[in-house]
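Okay, so the sequence shown: first residue is 27 according to my numbering, each after it adds one. No residue lacks a Cβ here, since even glycine has one placed at the ideal position from N, Cα and C. Keep in mind the model is a prediction, meaning the values are calculated, not measured. Below: the structure, in structure tokens.
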Amino acid sequence: MIHRFDDAALAGVLDHMNGDHGDDNLLIARAFLPESGSVDAVVTGSTMTGFDGAGGVWQATLADGSTVDVVVPWPSGPISERPEVRREIVALYDAACARLGIEPRPHA
27 MIHRFDDAAL
37 AGVLDHMNGD
47 HGDDNLLIAR
57 AFLPESGSVD
67 AVVTGSTMTG
77 FDGAGGVWQA
87 TLADGSTVDV
97 VVPWPSGPIS
107 ERPEVRREIV
117 ALYDAACARL
127 GIEPRPHA
């Protein structure tokens, strides 16, 4: 069974990611956008819209104005504790940088 985080955990993480890490959201969406069948599918914006014990969800805005959900499983597998969310998002950021050929910033 997939772990569901409570409303406080969801709100805290989503507010933090969308308020402080917009560039990271964009990198993750660009790196993990499912194959759309079009080389013109350029991600111009991204918002983290949810997560559970299986992974995170970002809504990516494409150059044509359409949106698509980008669902990405946690790199380490299923999680069930709030502190694990940060670890997994940092790992997704690092993986996104590697996929896109971008040097990741150091983590505090």
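Can the beta-carbon of residue i be found less than 7 Å from the beta-carbon of residue j?
i	j	result
V96	L59	yes
G81	P99	yes
R108	A57	no
A55	S72	yes
I need the straight-line Cα distance from residue i to residue j, nearest angstrom please.
i	j	result
F77	P130	23 Å
C123	L53	7 Å
R113	V39	12 Å
D120	P101	10 Å
M74	G45	10 Å
Starting from residue i, trace the alpha helix (DSSP H) both ways and give me its first and last residue.
i	result
G48	G48 to F58
Mapping the DSSP letters down to three states, classify residue i as helix, strand or coil.
i	result
P104	coil
V116	helix
A80	coil
Report buried or exposed for residue i, applying the criterion of at least 16 other Cβ atoms within 10 angstroms of its Cβ.
i	result
V128	The identity of residue 128 in the sequence shown is Ile, whereas the question assumes Val. It is exposed - the Cβ of I128 has fewer than 16 other Cβ atoms within 10 Å.
L118	buried
V68	exposed
I28	exposed
D50	buried
A37	exposed
A134	exposed
Starting from residue i, follow the beta strand (DSSP E) in both directions and report where the run begins and ends.
i	result
D95	T93 to P99
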